[in-house]
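J.: Numbering (this note's numbering), first residue to last: -8 to 103.
We put the beta carbon where it would ideally sit given N, CA and C, even for glycine.
Here's a structure for you.
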């Protein structure tokens, strides 16, 4: 697990040699009160998070398999309180997990 002091990007939680990151395995805020996970990202490098007003811990979920190749699919944006069509992967790939959630605005009532 990677520990971050908060209000900045954490370092990447990376996988052991031969494994690839396939999503977030663990993400926890250390403090209560006015805290939030503002942004998290998992890509070919690993996983990281921006934790607002709190230290946090981040851990990538890693997988290994013959021919396993992980890519980031399409991104979608939506307004508050709305739904959009789902993000997708190119032909030949399947969705395993969320690659990124970024909460815009940073207000007090912005939550994942």
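Would you tell me roughly how many angstroms separate the C-alpha atoms of residue 29 and residue 44, rounded to the nearest one?
T.: Residue numbering aside, residue 29 sits at position 38 when the chain shown is read from its first letter. Residue numbering aside, residue 44 sits at position 53 when the chain shown is read from its first letter. Rounded to the nearest angstrom, the two C-alpha atoms are 10 Å apart.
J.: Extract the residue ranges of the beta strand (DSSP E) inside the region 5 to 61, only unbroken runs of 3 or more that lie entirely within it.
T.: Segments of the beta strand (DSSP E) lying fully in the region 5 to 61: 11 to 20, 27 to 33, 38 to 43, 47 to 54.
J.: Taking 7 Å as the threshold (C-beta atoms), are residue 65 and residue 79 in contact?
T.: Taking the chain shown and counting its residues from 1, the one referred to as residue 79 is at position 88. Taking the chain shown and counting its residues from 1, the one referred to as residue 65 is at position 74. Yes, the pair counts as a contact, with Cβ atoms nearer than the cut-off.
J.: Let me know the secondary structure DSSP gives residue 91 once reduced to three states.
T.: Taking the chain shown and counting its residues from 1, the one referred to as residue 91 is at position 100. Three-state result, residue 91: strand.
J.: Would the region 34 to 50 count as touching the region 71 to 87 if we require 3 or more Cβ pairs under 8 Å?
T.: Counting Cβ pairs under 8 Å, fewer than three are found: no touch.
J.: With a threshold of 16 other CB atoms inside 10 Å of the CB of residue 35, please say whether the residue is buried or exposed.
T.: Your numbering for residue 35 matches position 44 in the chain shown. Exposed, by the Cβ-count rule.
J.: Whole angstroms are fine: how far does the CA of residue 51 sit from the CA of residue 6?
T.: Here residue 6 refers to the residue found at position 15 when the chain shown is read from its first residue. Here residue 51 refers to the residue found at position 60 when the chain shown is read from its first residue. Roughly 7 Å between the two C-alpha positions.
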